[in-house]
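Chemist: Residue numbers (the numbering used here): 1 to 135.
1. Leaving out the 5 sequence neighbours to the left and right, which residues in its chain are closer than 7 Å to residue 37 when beta-carbon positions are compared?
2. Taking the CB atoms as reference points, tell me whether residue 86 and residue 129 lie closer together than 8 Å.
3. Under the DSSP definition of a beta bridge, which residues are partnered with residue 86?
4. Look up residue 91 in the DSSP assignment and give the residues it is bridged to.
5. Taking 8 Å as the limit between beta carbons, can you name the residues of its chain near residue 78, skipping five residues before and five after?
6. At a cut-off of 7 Å, would you count residue 17 as near the ligand ZN, judging by its Cβ distance to the nearest heavy atom?
7. Does the beta-carbon distance from residue 92 to residue 68 come in below 8 Å?
8. Alpha carbon to alpha carbon, what distance is there between residue 63 and residue 22?
9. Below 8 Å on the Cβ atoms is my contact criterion, and I expect residue 101 with residue 34 to pass it. Report the Cβ-Cβ distance as a whole number of Å.
Spelled out as structure tokens, the structure:
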């Protein structure tokens, strides 16, 4: 998995220009990338959970999530239990967007395209959770 993380890091930093929230999940995106999350997630800063769908009131669209717009993804890592691993992203402002898949019902997809490609054809796709034998 470390080689995949290094591949993602080649594209960093990734500016966050938009956040979309719908009934299925969220989409965090920038000019030439997007992270679609259709499973459990949260945003932490320090030891505090600052945004989570579990904290949102009925009918709310996760207040505070829009504060990620204007920030940048500066690092990535993986977390997981046994064989399934999920991505987390770290922003310049110190926020961490963590993903917690409940596979096969929830997943995520990170796509990166070439800067300036108006069609946004992916040159890199990673779908998770990622399965790998851990030592």
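For every residue, glycine included, the Cβ atom is placed at its ideal position computed from N, Cα and C.
Modeler: Judging by the given coordinates:
1. 25, 26, 99, 108
2. Contact: yes.
3. 79
4. 73
5. 1, 5, 85, 86, 87, 88, 130
6. For the structure depicted, the ligand ZN is absent and the ligand set is empty, with no information on it obtainable.
7. no
8. 13 Å
9. Not confirmed; about 18 Å, so no contact.
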